[in-house]
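> Okay, so the sequence shown: first residue is 0 according to numbering that gives the first Met the number 0, each after it adds one.
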Amino acid sequence: MADSLLLMKDIRKVYYPDIVAINNATFSLAEGEIHALAGENGAGKTTLMKILFGLEKADKGEIYFNSELINIHSPVDAMKRRIGMVHQHFMLLENLTIADNIVLGIEPKRKGLYDYKKACEITRELGTKFDMVIDPEKRISQLTVGLKQKVEIMKVLARDARIIILDEPTAVLTPQETKELFHQLMLLKKDNYTIIIITHKLREIKEICDRVTIMKAGNIVGTYDVDKISIDEISKKMVGYDFEVSKLKSNVKPGKIILDIKGLSLTIGGKKRLDNISFSIREKEILGVVGVEGNGQKELSQVLNGEIKNYDGDIVLDDFSLKGESILEIRKAGISYIPEDRMVDGANLNGSIYESAIVLKSKEKEYQNGIFLNGRKLEEFTDSLINDYGVKCNSKYDDVKSLSGGNIQKIVSAREIVDARRVLIANQPTRGIDIGAVMTLHEKLKSLQSQDKGILLISSDLKEIYDLAESVIVLYDGKVVARINNIKDVNEEQLGRYMLGIDVQENMGASL
0 MADSLLLMKD IRKVYYPDIV AINNATFSLA EGEIHALAGE NGAGKTTLMK ILFGLEKADK
60 GEIYFNSELI NIHSPVDAMK RRIGMVHQHF MLLENLTIAD NIVLGIEPKR KGLYDYKKAC
120 EITRELGTKF DMVIDPEKRI SQLTVGLKQK VEIMKVLARD ARIIILDEPT AVLTPQETKE
180 LFHQLMLLKK DNYTIIIITH KLREIKEICD RVTIMKAGNI VGTYDVDKIS IDEISKKMVG
240 YDFEVSKLKS NVKPGKIILD IKGLSLTIGG KKRLDNISFS IREKEILGVV GVEGNGQKEL
300 SQVLNGEIKN YDGDIVLDDF SLKGESILEI RKAGISYIPE DRMVDGANLN GSIYESAIVL
360 KSKEKEYQNG IFLNGRKLEE FTDSLINDYG VKCNSKYDDV KSLSGGNIQK IVSAREIVDA
420 RRVLIANQPT RGIDIGAVMT LHEKLKSLQS QDKGILLISS DLKEIYDLAE SVIVLYDGKV
480 VARINNIKDV NEEQLGRYML GIDVQENMGA SL
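1. Can you tell me whether residue 148 is helix, strand or coil according to DSSP?
2. Out of 147, 200 and 400, point me to the one whose CA is closest to residue 131's CA.
3. Over what stretch of residues does the beta strand (DSSP E) that includes residue 7 continue unbroken?
4. Which whole-angstrom value is the C-beta distance of residue 294 and residue 497, which I expect to be below 8 angstroms?
5. Measure the C-alpha to C-alpha separation of residue 189 and residue 213 and round it to an integer number of angstroms.
6. Can you tell me where the alpha helix (DSSP H) with residue 234 in it begins and where it stops?
7. Closer than 8 angstroms is the cut-off here; do at least three beta carbon pairs connect the stretch 411-429 with the stretch 289-309?
8. Could you check which residue in 351, 334 and 52 has the C-alpha nearest to that of residue 316?
9. Which term fits residue 226, buried or exposed, when burial requires 16 or more other beta carbons within 10 angstroms of its beta carbon?
10. Between which two residues does the alpha helix (DSSP H) harbouring residue 387 extend?
11. Could you give the residue range of the beta strand (DSSP E) that holds residue 85?
12. For the beta strand (DSSP E) holding residue 140, just list the boundary residues, first then last.
13. Give every residue of the same chain whose Cβ lies closer than 7 angstroms to the Cβ of residue 25, excluding the five residues on either side of it in the sequence, and list them in chain order.
14. Would you check if the stretch 399-413 and the stretch 40-54 touch, i.e. whether three or more CB-CB distances between them fall below 8 angstroms?
15. Would you say the stretch 78-95 touches the stretch 158-169, given that touching needs at least three Cβ pairs under 8 angstroms?
16. Considering just the uninterrupted stretch of the beta strand (DSSP E) at residue 286, what are its terminal residues?
17. Using DSSP's beta-bridge definition, name the partner residues of residue 474.
18. According to DSSP, simplified to helix, strand and coil, what is residue 408?
19. Going by beta carbon distance, what residues of the same chain come within less than 6 angstroms of residue 89, once the five residues before and after it are set aside?
20. For residue 61, write down the residues that DSSP places opposite it in a beta bridge.
21. Given a threshold of 16 other Cβ atoms within 10 Å of its Cβ, counted over all protein chains shown, does residue 460 qualify as buried or as exposed?
22. Take residue 277 as the anchor and find which of 157, 471 and 485 has the nearest alpha-carbon.
23. So residue 145 and residue 176 are in contact, right, with Cβ under 8 angstroms, and what is the actual spacing, rounded?
24. DSSP state of residue 494, grouped into three classes?
25. Residue 48 and residue 195 - do their beta-carbons sit closer together than 8 angstroms?
26. State the Cα-Cα distance for the pair residue 201 and residue 124, rounded to the nearest angstrom.
27. According to DSSP, what are the bridge partners of residue 26?
28. On the criterion of 16 or more Cβ atoms from any shown chain inside 10 Å, does residue 245 qualify as buried, or is it exposed?
29. With distances taken between CB atoms, is the gap from residue 390 to residue 409 smaller than 8 angstroms?
30. Name the two residues that bound the continuous beta strand (DSSP E) containing residue 167.
31. State the start and end residues of the unbroken beta strand (DSSP E) segment that holds residue 279.
32. DSSP on residue 429, reduced to helix/strand/coil?
33. Can you tell me whether residue 358 is helix, strand or coil according to DSSP?
34. Just checking, does the stretch 476-490 make contact with the stretch 153-166 on the three C-beta pairs under 8 angstroms criterion?
35. Return the CA-CA distance between residue 34 and residue 325, expressed in angstroms with no decimal places.
36. Once you ignore the five residues that flank residue 256 on each side, which residues in its own chain have a CB closer than 6 angstroms to its CB?
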C-alpha cells in the first residue's frame, strides 16, 4: 500500500436483481504512470472507474489515497482528491467559448463579477504548458472532435487534478490527432501526472502505457508491465481463449450496382451538411466512409435510413428511387441500419433484451401464428442472437438498461445484420466493444458481404476500414474530398490528411 498512490481494495458492486458488475476487485496506481484498463464489454472497467470518480457507490471495499483511507461519494469528493475524468461523450456547452467551459463552476472573479479576461489567461497558460494551444474565445460548436477533447482535458487540469481518467480517448480521433494526444499525455506524465486509460485498442496500450490491468467478468485478471506482455497475451487474458486474427479481406469480386447515391445535398439551419455527394455500392462490396466526426457522416446515414427526407438528389436501390420514402418503406425495400447512438436510436432502454431483439422479426409472417406472435420461434431467435454475438446477460428478459454499453451495441448490431436483405448501413458498428466482439462482428459483416449484399461502413477506426473495406470515400465539410477505389493504394497518414481537409484528391469526377 505504501508504494501505491492510490489503491482500490476488494471493491464489489452488484446491480439489481443479481448482476455482479465488480467482484472483490483490487486495483493499484503508481504516481506518474500511464495505466491502461482493458477487458471485454461488461468486464467492469467503466463501473470501477465510476466508483473511483464518485459516479457510482461500491457495495463493499475501500479506497486508499497515499495510504489514507478515504470516502468518495460524488465527483466533488473525487476532485477534492485531485481525481478528474474525461468521458467518452464530451460534456461541453456548445454555445459557450472554450474559456467559459474550462472555468465553468470555478469562474475567476473581479470585483464580484466573472472575469472573462482572466478565464482566457488561464486557458492560454494551460495550453502553453501542455502544448494544447487553442483560441480561448472560440465557441465549442466551432471545434473539431480532437479540439473538444483537448478542452475536456484542460477542464480537468484547471481543477488541479493529478489523476486523470480517460475513457476511450482515441475512439474518434484521426491518426494525426491520436499522435498529438499521446504527445500531450507524455508531457503530463513528465510532469508527474498519473493517467488511467480505458481502451480496447491493444496496440495503443503497447505504445503509450506503462502498465495494464485486465478485467474479466467483474474480476481483476492481473496487472502487467506493458513491456513484459505481448498484444496476443493481453487479448487472450481479456477473452479467455486464443483466437486467430483472420485475413478478413477476401477475393470476392463486387457485382452489379445495388445502391446509387446521386448528387445528395442537405441544408440544415442555413448550413450545408451534405454537398453534392455521389457514390455507388455494388453487390459483395464493403465501401468505407471516413472523416473527422461532424463532417456529414451522421447526416448521410440519416438520409439513407429515411430519418431525414428534405434533401436534394436521389437514392436509388435496385433501380427504384427511395427519395422521400419513410424509414419503414426503406426497411421494406431492403436497407438495414446500425445507428451511431445505439442508446438513443437502437434500443428501448426500459424494455427487455427480448423486445429489442424481436422488434423487426415480429412483423414477419414466419414469426406469427395468425393474429398472434409465435413466441417459441421469437425466443429461439433471441437466444441465437445472444449466443452468436456473445451478449452478456442473465436473461433475455432483463431490461436493456441493465447491459453495458458494448452489450447493447452487440444486440442492436446483431438484429440489424440478420435483417439486412440488400444493403446494411453500419455507423460506427464496433465503437466501444472489445476485441473478441469486434472479431465476431467483422466475421458477420464478411459473411453478409458474401451473400450478394452491399455494406456502407461508416467508421472512425481506420484499422477497421483497412481490415474490411475494398474502397473508401472521405468526407470533409459535407463534401467527398477523396475516393479511393483500392484502399491498399493509400496509407493511414494520407487518409488522415484528407480527413483533416489538408489535401483534396485530384480528378474527383472519377467513379467508384
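Here a beta-carbon is modelled for each residue, glycine too, at the ideal position from N, C-alpha and C.
Checking against the coordinates, here is how it stands:
1. Residue mapping note: residue 148 aligns to position 149 of the sequence shown, counting from 1. Assignment of residue 148 by DSSP, reduced to helix, strand and coil, places it in the helix class.
2. Taking the sequence shown and counting its residues from 1, one reaches residue 131 at position 132. It is 147.
3. The sequence position of residue 7 within the sequence shown is 8, counting from 1. From DSSP, the beta strand (DSSP E) with residue 7 extends over 5-14.
4. By 1-based counting over the sequence shown, the position of residue 294 is 295. By 1-based counting over the sequence shown, the position of residue 497 is 498. Separation of the CB atoms of residue 294 and residue 497 is rounded to 11 angstroms, and the pair is thereby denied contact status at 8 angstroms.
5. Position 190 of the sequence shown, counted from the first residue, corresponds to residue 189. Position 214 of the sequence shown, counted from the first residue, corresponds to residue 213. Taking the straight line joining both Cα atoms gives about 25 angstroms.
6. One-based indexing of the sequence shown puts residue 234 at position 235. Segment 230-238, the alpha helix (DSSP H) holding residue 234.
7. Contact holds: three or more Cβ-Cβ distances are below 8 angstroms.
8. Within the sequence shown, residue 316 is the residue found at index 317, counting from 1. The shortest Cα separation from residue 316 among 351, 334 and 52 belongs to 334.
9. Here the question's residue 226 lines up with position 227 in the sequence shown. Counting other Cβ atoms within 10 Å of its Cβ, residue 226 stays below 16 and is therefore classed as exposed.
10. Within the sequence shown, numbered from 1, the residue matching residue 387 stands at position 388. First-last of the alpha helix (DSSP H) with residue 387: 374-387.
11. Looking up residue 85 in the sequence shown gives position 86. For residue 85, the enclosing beta strand (DSSP E) begins and ends at 82-85.
12. Start at 1 with the first residue of the sequence shown, and residue 140 comes out as number 141. Annotation: residue 140 is outside any beta strand (DSSP E) and is labelled neither H nor E by DSSP.
13. Numbered from 1 along the sequence shown, position 26 holds the residue referred to as residue 25. Correct list, in chain order: 7, 8, 9 and 219.
14. Short answer: they touch.
15. Contact annotation: the stretch 78-95 touches the stretch 158-169, with at least three C-beta pairs closer than 8 angstroms.
16. Translated into positions along the sequence shown, residue 286 becomes position 287. Counted as a single uninterrupted DSSP element, the beta strand (DSSP E) harbouring residue 286 occupies residues 285-289.
17. Counting from 1 along the sequence shown, the entry for residue 474 is found at position 475. Paired residue(s): 479.
18. Taking the sequence shown and counting its residues from 1, the one referred to as residue 408 is at position 409. Judged by DSSP in its simplified three-state form, residue 408 adopts helix.
19. Locating residue 89 in the sequence shown gives position 90, counting from the first residue. So the list reads 147 and 151, once near-sequence residues are dropped.
20. Stepping through the sequence shown from its first residue, residue 61 is reached at position 62. DSSP, once it has assigned bridges, lists 8 as partnering residue 61.
21. If you number the sequence shown from 1, residue 460 lands on position 461. The residue in question, residue 460, is buried, as its Cβ has 16 or more Cβ neighbours within 10 Å.
22. For the purposes of this step, residue 277 is taken as residue 278 along the sequence shown, with counting starting at 1. For the set 157, 471 and 485, the Cα lying nearest the Cα of residue 277 is the one of 471.
23. Here residue 145 is taken as the residue at index 146 of the sequence shown, counted from 1. Here residue 176 is taken as the residue at index 177 of the sequence shown, counted from 1. A Cβ-Cβ separation of about 4 angstroms places residue 145 in contact with residue 176 under the 8 angstroms criterion.
24. Taking the first residue of the sequence shown as 1, we reach residue 494 at position 495. Reduced to three states, the DSSP call for residue 494 is helix.
25. Position 196 of the sequence shown, counted from the start, is the residue given in the question as residue 195. Position 49 of the sequence shown, counted from the start, is the residue given in the question as residue 48. Taking 8 angstroms as the Cβ cut-off, residue 195 and residue 48 qualify as a contacting pair.
26. The residue given as residue 201 occupies position 202 in the sequence shown. The residue given as residue 124 occupies position 125 in the sequence shown. The alpha-carbon atoms of residue 201 and residue 124 are separated by roughly 33 angstroms.
27. To locate residue 26, count along the sequence shown from 1; it is residue 27. Per DSSP, the beta bridge partners of residue 26 are 7.
28. On the sequence shown, residue 245 is found 246 positions in, with the first residue counted as 1. Confidence at residue 245 is low in this model, with a pLDDT of 47, below 50, so the placement of that residue should be treated as unreliable; the coordinate-derived value is given next. Exposed is the call here.
29. Translated into positions along the sequence shown, residue 390 becomes position 391. Translated into positions along the sequence shown, residue 409 becomes position 410. Yes.
30. Taking the sequence shown and counting its residues from 1, the one referred to as residue 167 is at position 168. Looking at the DSSP string, residue 167 is not in any beta strand (DSSP E), and its letter there is neither H nor E.
31. As a position in the sequence shown, residue 279 is number 280, starting the count at 1. Residues 270-281.
32. For the purposes of this step, residue 429 is taken as residue 430 along the sequence shown, with counting starting at 1. Here residue 429 sits in coil by DSSP.
33. Position 359 of the sequence shown, counted from the first residue, corresponds to residue 358. Here residue 358 sits in coil by DSSP.
34. Short answer: they don't touch.
35. For the purposes of this step, residue 34 is taken as residue 35 along the sequence shown, with counting starting at 1. For the purposes of this step, residue 325 is taken as residue 326 along the sequence shown, with counting starting at 1. Going by the C-alpha atoms only, they are around 48 angstroms apart.
36. Here residue 256 refers to the residue found at position 257 when the sequence shown is read from its first residue. Closer than 6 angstroms at Cβ, skipping near neighbours: 279 and 281.
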